[in-house]
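Contents: one structure, followed by commentary.
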Amino acid sequence: MSVTKKRGFLYNIQAQFHTKALVLIPIAVGINLVGGTLASTLKLPLFLDMIGTIVSAALAGPWVAALVGFLTNVFLALVANPVYLPYSLVSIAVGLTTGFMVRAGLFKRWWGVAITWIAAVFVSVVFSSTITVLVFGGATGATGTSVLTATLIAAGNKLVKSVVASSFIENLIDRAIAFAIAYVLLKRIPKRFVSQYALAGLGEADDEED
Amino acid sequence: MNKQLEVSNLSFRYSDTKQKAIADINFTVDEGEFFCIIGQNESGKSTLCSALVGLVPFYFTGKMKGDVVVLGENTRKSSVATLASKIGFVFQNPFNQLSYTTVSVAEELAYGLGNLGIEREEMHRRVERIAGLMRVDHLLNKSPLELSGGQVQRVAIGSAFIMQPKILVLDECTTQLDPLGSEEVFDVVKALNGEGITVIMADHDMERVARCADHILVLDGGKQVAVGTPAEIFSDPSIRQHSIEPPDFVTIGRRLREEGLYSGDITLTEEAAITAAKGALVR
Amino acid sequence: MLMAKKKTSSYIPMDSPIDRLHPMVKIYAIFCLGISALVCPTFILSYVLVIFLFIVAWKAKLFKKFAKFIIGFAIPITVMLLFIHGLYSPKNVTYIANFGFARLGLEGTMYAIKLVGGLLVFLGSFLLMTTTTHPGKLVTALIESGMNPKVGYLVLASLNIVPQMQRRMIIIKEAQMARGVEVEGKLLTRATAFIPLIGPLVMSSLVDVQERGMTLETRGFGAKGVKTTSYIEVVERPVDRLIKRLLVVFLAITVVASILARLIR
């Protein structure tokens, strides 16, 4: 890992976008979107639209995952509702957080995954609430979250607190399941495949003697 | 004859694996040859093909030993993009050989040219010519996502060939196709070889290999077991140890010879086997 | 999660003058109009621009769809924001109505109206751009303006890959249902169906990733030091240049006027 640091910050961001990583991005976006559709087809009260982001964070690092998150929201903004566009910050933040924590080795144990989950929820809530308040003034429409927020405000709570509270509940459960599923899937991927990615960022061939 | 491709002492082990995928491979391919690589699954055919076009070592990480020299250029000192105009690559799954960025077959064929910075008029010229060669001219305006497997595979060959390589590497390019698609694709490959393009094809259809190959390389467990003409390879009984079953026509000729009913050369093709059988009946 | 639509891209091919505009003109429009709406101290400009966008939509033969979006988006969010800010904004000093359980404040209402106006301009022009611009042409235009081709790849590939994956999902679903996976019934049943459905999708997709990377590389993708060219041609006509300039001038005037207006107050 020390070789990475020597080469400089920008080089390493760029190196992460080797073709292998680049091709992963649209497919991870697809996994996000299909996951979301599947959740609504199965009528589950969750989004489950971040599995691709988490998997790509584990395979290819934080910046790739951030891009996956961003593009997922761009796609949703184009096809479903432009409201999703500013919320790409949330997806980007989750991608970065997960990626950096995986790099720190947290995905090697299940409790590390749990820590990453909490971090992701925290980040999601912070960014999501900020955007709802700053960009949309507190609500984005007639969604469940917005109604919850409105109810809380009517009950006398301040705007920011209400937005945060609704966001927290929504994110906590959704992310937990997303991380659990992603972790299970990642364990099943053959090591040979994962190794092809782990070294993509370093750009150096395996130099062990055989 | 002109040596276009030289492989010397080539070995490769993928990162984090214990065994080499290919070891000590040595062979050369001459200009215009039809060179076949045969071997059971996991014998290293795909790794070898990847090494011929530079994907090993530039795309697949691991430890590479030995050299591959393509038209005088050592792959280690080159890049996959540079090699693409010398040696083209087509592999098994046709649907993973589309760029997924184009709206028409014409644009898809020209995809590689865009990457190389070829100017638009030249693109149009080459697309027209290649579309004819690949027999996809009636599909030029269709979306690549609407085509059948065989059609996509021909577009894939076209988008590799449009970059004007002198050698084409085809890794089991008909395995995932239905019989008609398979035949359409193979006809195109034969036609290209007829025009002087060197073809290196990994295949498991032994009849085709026996019929068309100038030379055959046999792999087993990543190691090079034999290299020679079809007659040399298929007349050697020991290849069956490497899970290679000679084509039926060869077996017919061999059995007839064993019974004393035929004393000619190895029967590599349907015609030869029939001739031998006819001769045996006459006796 | 509004995933009912199965469209891949929102582009609607229509033979209209808006369609024929150079893609960069439309990008300029989003920024120039959107920023103008935000910068202007009164909300009137935003709503004037929204009317302008309706006219553009009509010229693009997409009036109905555009209207549907604006109404579909504007009404719920206006109601929500009026509720939140109009009734409960701490900035409320003057009151214009009394509903019994709460009073409608002027400052909050104005804030809500202004915010909705700005959002409508940005999102409305964004929608018009995406429904009138062919994605391939948009990417080509962006690359010609200096965007990295790898970014272009990402945009186009993302748009194309999703319908394909959705189709594969259907196949996987049928296969798994044939093996006994239940997709209807109690919540727990449906929830446990998720993994055997998403699992095969993720696994097969990862194989695709490896092979598609091989394809890109062997087609010369990312060749160093090469300026990429495009099979698709996007032409910038004089009228495109003119409109671009008008948009920039409009933005400049609005910004200057807004600054002056605020100074005068």
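Residue numbers (this note's numbering), protein chains in the order written: chain A, 202 to 411; chain G, 83 to 365; chain X, 20 to 284.
Glycine is no exception: its CB is placed at the ideal position from the N, C-alpha and C atoms.
CB of residue i within 8 Å of CB of residue j, strictly
| i | j | result |
| --- | --- | --- |
| Arg389(A) | Thr99(G) | no |
| Gly127(X) | His104(X) | yes |
| Phe331(G) | Glu289(G) | yes |
| Met245(G) | Leu165(G) | no |
| Lys156(X) | Pro257(X) | no |
| Cys118(G) | Ile326(G) | no |
| Ile120(G) | Gln306(G) | no |
| Pro312(G) | Ala292(G) | yes |
| Ser35(X) | Ala79(X) | yes |
| Ile104(G) | Phe116(G) | no |
| Leu123(X) | Tyr130(X) | no |
| Ile217(X) | Ile382(A) | yes |
| Met184(X) | Gly231(A) | yes |
| Thr247(X) | Cys59(X) | no |
| Lys214(X) | Val385(A) | The question names Lys, but residue 214(X) is Ile in the sequence shown. Yes, Cβ-Cβ distance for Ile214(X) and Val385(A) is below 8 Å. |
| Leu412(A) | Leu173(X) | Coverage of chain A is limited to positions 202 through 411, which leaves residue 412(A) absent and any answer about it impossible. |
| Thr254(A) | Val280(A) | no |
| Ile282(G) | Val300(G) | no |
| Leu270(X) | Ile54(X) | yes |
| Gly171(X) | Ile162(X) | yes |
Nonlocal neighbours in the same chain, by C-beta distance under 7 Å from residue i, ignoring five residues either side
| i | result |
| --- | --- |
| Ala362(G) | Leu338, Leu343, Tyr344 |
| Val365(A) | Val326, Ser330 |
| Phe248(A) | Gly237, Ala240, Asp375 |
| Val135(G) | Val162, Leu165, Ile169, Phe171, Val251 |
| Glu113(G) | Met83, Asn84, Gln86, Thr280 |
| Ser241(G) | Glu190, Leu191, Tyr193, Gly194 |
Best match in the options for proximity to residue i [C-alpha to C-alpha]
| i | options | result |
| --- | --- | --- |
| Val135(X) | Thr61(X), Arg238(X), Ile214(X) | Thr61(X) |
| Leu220(X) | Arg304(A), Ser396(A), Val395(A), Leu387(A) | Leu387(A) |
| Glu255(X) | Val44(X), Leu173(X), Gln183(X), Ser35(X) | Val44(X) |
| Ile334(G) | Ala359(G), Thr311(G), Ile321(G) | Ala359(G) |
| Phe380(A) | Leu307(A), Ala258(A), Met302(A), Ile252(A) | Ile252(A) |
| Ala242(X) | Val268(X), Pro168(X), Ile214(X), Lys192(X) | Pro168(X) |
| Leu286(A) | Ala383(A), Tyr398(A), Thr333(A), His219(A) | Thr333(A) |
| Tyr182(G) | Val228(X), Ala194(X), Ala210(X) | Val228(X) |
| Asp38(X) | Thr151(X), Phe145(X), Leu225(X) | Thr151(X) |
| Glu230(X) | Leu180(G), Arg207(G), Lys102(G) | Leu180(G) |
| Ile212(G) | Ala273(G), Glu265(G), Lys127(G), Asn123(G) | Ala273(G) |
| Phe88(X) | Ser65(X), Leu100(X), Arg264(X), Leu138(X) | Leu138(X) |
| Thr159(X) | Phe118(X), Ser249(X), Leu64(X) | Ser249(X) |
| Lys102(G) | Glu201(G), Pro247(G), Asp302(G), Met283(G) | Asp302(G) |
| Glu352(G) | Gly346(G), Val234(G), Pro329(G) | Pro329(G) |
| Cys131(G) | Ile249(G), Gln233(G), Pro261(G) | Ile249(G) |
| Glu201(X) | Val235(A), Leu243(A), Phe369(A) | Leu243(A) |
Cutoff 6 Å; reference residue i; Cβ partners in own chain excluding five residues on either side
| i | result |
| --- | --- |
| Glu88(G) | Thr110, Val151 |
| Val291(A) | Ser325, Phe328, Ser329 |
| Val395(A) | none |
| Leu68(X) | Leu52, Ala56, Val140 |
| Ser257(A) | Leu225, Ala229, Val265, Ala266, Val269 |
| Ala295(G) | Phe116, Cys118, Pro312 |
| Met202(A) | With a pLDDT of only 42 at Met202(A), under the threshold of 50, the placement of this residue in the model should not be trusted; the figure read from the coordinates follows. Nothing listed; no residue qualifies. |
| Asp407(A) | Summary for Asp407(A): the model assigns pLDDT 39, below 50, so the residue's position carries little reliability; its value from the coordinates is reported in the next sentence. Closer than 6 Å at the Cβ level, and outside the excluded window around Asp407(A), lies no residue. |
| Ala121(X) | Leu106 |
| Met20(X) | Here Met20(X) scores only 31 on pLDDT, less than 50, and its place in the model is too uncertain to base an answer on. |
Close-in-space but distant-in-sequence residues of the same chain around residue i (CB under 8 Å, 5 per side omitted)
| i | result |
| --- | --- |
| Gln258(G) | Gln174, Asn175, Pro176, Gly231 |
| Trp49(X) | Checking the displayed sequence, the identity of residue 49(X) turns out to be Ile instead of Trp. Phe141, Ser144, Phe145, Met148, listed in sequence order. |
| Arg281(X) | Pro60 |
Proximity test, residue i beta-carbon vs the ligand GTP heavy atom, cut-off 7 Å
| i | result |
| --- | --- |
| Ser224(X) | The ligand GTP is not part of the structure shown, which contains no ligands of any sort. |
Should the stretch 28-37 of chain X be regarded as contacting the stretch 90-101 of chain X, the criterion being three or more beta carbon pairs within less than 8 Å? no
Could you give the uninterrupted runs of the alpha helix (DSSP H) lying entirely in the stretch 70-118 of chain X, keeping only those of 4 residues or more? 82-100
Are there three or more Cβ pairs, one per stretch, closer than 8 Å when the stretch 139-146 of chain G is compared with the stretch 230-240 of chain X? yes
To test your reading of the DSSP string, which unbroken beta strand (DSSP E) runs of 3 or more residues are found completely within the stretch 181-210 of chain G? none
Count the CB pairs spanning the stretch 217-235 of chain G and the stretch 182-191 of chain G that are closer than 8 Å, and state whether there are at least three. yes
Counting Cβ pairs closer than 8 Å, one from the stretch 310-323 of chain A and one from the stretch 270-281 of chain A, do we hit at least three? no
Would you list, in sequence order, the uninterrupted alpha helix (DSSP H) runs of no fewer than 4 residues that lie entirely inside the stretch 210-252 of chain X? 213-237
Enumerated in chain order, which unbroken segments of the alpha helix (DSSP H) with a length of 4 residues or greater are wholly contained in the stretch 232-290 of chain G? 261-276
Give, in chain order, every unbroken run of the alpha helix (DSSP H) that is at least 4 residues long and sits entirely within the stretch 275-300 of chain A. none
Start-end ranges of the alpha helix (DSSP H) lying completely within the stretch 146-186 of chain X, minimum 4 residues: 154-163
Which parts of the stretch 362-406 of chain A are runs of the alpha helix (DSSP H), unbroken and 4 residues or longer, counting only runs that do not cross its ends? 392-399
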